[in-house]
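> There's a structure below that I have some questions on.
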Amino acid sequence: MARPKTQEIVLTDTERTELESIVRSRTSPHGLVRRAQIILASAAGESNLSIAQRLSVSSPTVGLWRSRFLSQGLAGLYGEQRPGRPRVHDEDKVAALLRTVLDTRNAEGNAWTIRSAAKATGLSRSTVQRTFQLFGVQPHRSKSFKLSTDPRFVEKVREIVGLYLNPPDHAVVLCLDEKSQIQDLDRTQPVLPMGLGYVEGVTHDYIRHGTTTLFAALDVANGTVLGRCQPRHRHQEFLAFLKQIDTNVPAGLDVHLIVDNYSTHKHEKIRSWLARHPRYHVHYTPTYSAWLNQVERWFGIITQRAIRRGSFKSTKELVERIDSFVSHYNPHARPFLWTATAESILDKVEKICKLISGS
């Protein structure tokens with residue numbers, strides 16, 4: 001007797017978006033992520049056996065979650081019915097809670113809390129908390145974003161990501177920027193050292209002796225950094241740093257510079273210098289897209305490890321700390337692993353645009 005044909009899974013846009021969100025989540029339970037992967041793979045036409053081998057599960061497990069999804073939809077992936085106390089609240093009450101939290105603000109106009117949501121819906125605080133955890137709802141949190149308004153956004157993303165994933169031959173790719181207004185902060189009282197059972201302590205107030213600007217160029221190929229501290233960040237200082245780069249890069253190599261749209265980088269004298277040095281190729285990041293410049297990640301590293309928790313008696317001491325960090329960082333430097341393709345970045349931007357437009 002022939003085996004029955006496996007029923008095809010066809011996903012709606014909403015279901016696909018939700019499943020992909022679960023797979024990308026860093027907080028979703030592992031079992032839920034695995035079920036979402038099974039459904040996405042099934043919808044793509046992959047066989048049960050192939051899915052089972054790739055995800056290291058049994059074929060009956062794949063068949064179970066396929067049938068659960070076909071009969072119950074997304075709700076069927078959130079766990080089996082097990083023996084125990086019967087549910088007190090049905091799906092309608094849970095759905096009403098989620099609609100209330102996702103679509104409205106509380107009576108004070110603020111984000112919902114577990115207590116305020118429980119009071120508004122008549123559910124217990126423990127029920128609201130479990131529902132929030134189950135569906136990954138976090139009304140107390142928010143994250144910032146800024147879409148680029150650059151008319152050449154797509155072109156620039158493809159250009160810069162192409163340099164990261166497929167750098168040109170006989171050339172060096174440098175991510176270049178300046179970290180301006182690094183404050184020389186001197187704590188008003190001595191730092192309390194870390195000990196067993198308590199963390200390092202620093203006073204909340206400080207004396208500011210001055211500031212410095214760190215110009216840095218990150219070599220994408222090996223992760224090393226060329227740094228230079230200057231009291232200001234005008235085009236004069238930027239030009240001096242370009243000349244320092246020119247001295248350190250072998251004459252036979254082209255130089256691809258990835259920089260942002262700061263006016264200093266486009267000054268007339270900078271353009272004139274670049275015109276006289278044809279081996280330099282400048283690639284400007286799109287507006288509001290500093291995350292495309294890898295040196296920004298390195299600025300985060302030096303801030304965390306050498307600057308933020310320091311106490312400096314003078315600007316000279318701050319500059320010495322920065323120079324010392326760079327000199328100790330380079331011998332053990334490793335390049336950042338860039339994995340995002342231009343298409344994946346543009347897909348994410350497209351999804352955000354759809355959320356904003358409500359389409």
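First residue of the sequence shown? That's 1 in UniProt numbering, and the numbers climb one at a time after it. A virtual CB, placed ideally from N, CA and C, is assigned to each residue, including glycine. These numbers come from a predicted model, not from an experiment.
Quick check on this structure: which residue in Tyr329, Ser289, Tyr206, His281 has the alpha carbon closest to the alpha carbon of Arg308?
As a first step, residue 308 must be located in the sequence shown, where it is residue number 308. Selected option, being the one with the closest Cα: Tyr206.
> Hey, Pro167 and Ala251 are a contact pair by Cβ (cut 8 angstroms); roughly how many whole angstroms apart?
Here residue 167 is taken as the residue at index 167 of the sequence shown, counted from 1. Here residue 251 is taken as the residue at index 251 of the sequence shown, counted from 1. Rounded, the Cβ-Cβ distance is 19 angstroms, inconsistent with contact.
> Can you list, in chain order, the residues of its chain with a C-beta nearer than 8 angstroms to that of Asp184? Leave out the 5 residues immediately preceding and following it.
One-based indexing of the sequence shown puts residue 184 at position 184. Hits under 8 angstroms: Arg208, His209, Gly210, Thr211, Thr212, Phe312, Ser314, Thr315, Glu317, Leu318.
> Using the Cβ count rule (16 or more neighbours within 10 Å means buried), how would you classify Leu174?
Numbered from 1 along the sequence shown, position 174 holds the residue referred to as residue 174. When all chains shown are included, Leu174 counts as buried.
> Could you compute how far the alpha carbon of Gln129 sits from the alpha carbon of Ala117?
Your numbering for residue 129 matches position 129 in the sequence shown. Your numbering for residue 117 matches position 117 in the sequence shown. Computed Cα separation, rounded: 10 angstroms.
> Could you tell me which residues DSSP puts in a beta bridge with Glu164?
By one-based count along the sequence shown, residue 164 stands at place 164. According to the sequence shown, residue 164 is Tyr rather than Glu. Answer is none; Tyr164 lacks a bridge partner.
> Cβ of Leu163 within 9 angstroms of Cβ of Ile258?
To locate residue 163, count along the sequence shown from 1; it is residue 163. To locate residue 258, count along the sequence shown from 1; it is residue 258. Cβ distance < 9 angstroms, so Leu163 and Ile258 count as in contact.
> Here's the rule: buried if 16 or more other CB atoms are within 10 angstroms of the residue's CB, otherwise exposed. What is residue 361?
It is not possible to answer for residue 361, since the shown part of the chain is limited to 1 through 359.
> Just tell me which of Val282, Asp92, Gln37 has its CA closest to the CA of Trp65.
Against the sequence shown, residue 65 aligns to sequence position 65. The candidate whose alpha carbon is nearest that of Trp65 is Gln37.
> Please determine if the stretch 226-239 and the stretch 261-268 are in contact, where contact requires at least 3 C-beta pairs separated by less than 8 angstroms.
Short answer: they touch.
> Checking the sheet assignment: what are the DSSP bridge partners for Arg208?
Taking the first residue of the sequence shown as position 1, residue 208 is located at position 208. DSSP, once it has assigned bridges, lists Leu185 as partnering Arg208.
> Keeping to the same chain, check which residues put their C-beta closer than 6 angstroms to that of Pro278; ignore five residues upstream and five downstream.
Taking the first residue of the sequence shown as 1, we reach residue 278 at position 278. Within the same chain, Pro278 has no close Cβ partners at all.
> Using three-state DSSP, classify Gly45 as helix, strand or coil.
On the sequence shown, residue 45 is found 45 positions in, with the first residue counted as 1. Coil.
> Quick one: give me the first and last residue of the beta strand (DSSP E) that Ile345 is part of.
Translated into positions along the sequence shown, residue 345 becomes position 345. Segment 342-357 is the alpha helix (DSSP H) holding Ile345; no beta strand (DSSP E) there.
> Where does Phe215 fall in DSSP's three states?
In the sequence shown, counting from the first residue as 1, residue 215 sits at position 215. Phe215: strand per DSSP, three-state reduction.
> Since Gly227 contacts Ile322 with CB under 8 angstroms, what's their CB separation in whole angstroms?
Indexing the sequence shown from 1 puts residue 227 at position 227. Indexing the sequence shown from 1 puts residue 322 at position 322. Confirmed, Cβ separation roughly 7 angstroms.
> Within its chain, find whatever has a CB closer than 6 angstroms to the CB of Ser28; leave out the 5 residues flanking it on each side and keep chain order.
On the sequence shown, position 28 is the one that residue 28 refers to. Contacts found: Ile22.
> Who are Tyr284's beta bridge partners in DSSP?
Sequence index remark: in the sequence shown, residue 284 carries index 284 (1-based). Partner(s): Val259.
> If I follow the unbroken beta strand (DSSP E) through Arg228, where does it start and stop?
Translated into positions along the sequence shown, residue 228 becomes position 228. Run containing Arg228: 225-230, per the beta strand (DSSP E) assignment.
> Once DSSP output is grouped into helix, strand and coil, what is the label at Glu178?
Here residue 178 is taken as the residue at index 178 of the sequence shown, counted from 1. In the structure shown, Glu178 sits in a strand (DSSP, three-state: E or B).
> If I measure Cβ to Cβ from Lys93 and keep anything under 8 angstroms in the same chain, skipping five residues before and after, which residues do I get?
Position 93 of the sequence shown, counting from 1, holds the residue named residue 93. Closer than 8 angstroms at the Cβ level, and outside the excluded window around Lys93, lie Thr121, Leu123.
> Between which two residues does the alpha helix (DSSP H) holding Gly63 run?
Within the sequence shown, the letter at position 63 stands for residue 63. That run of the alpha helix (DSSP H) goes 59-72.
> If I'm right that His256 touches Ala171 with Cβ under 8 angstroms, what's the distance once you round it to whole angstroms?
In the sequence shown, counting from the first residue as 1, residue 256 sits at position 256. In the sequence shown, counting from the first residue as 1, residue 171 sits at position 171. With 8 angstroms as the limit, His256 and Ala171 qualify as a contact, their Cβ atoms being about 6 angstroms apart.
> By alpha-carbon positions, which one of Leu147, Asp219, Val282 ends up nearest to Ala333?
Locating residue 333 in the sequence shown gives position 333, counting from the first residue. Per the Cα distances, Asp219.
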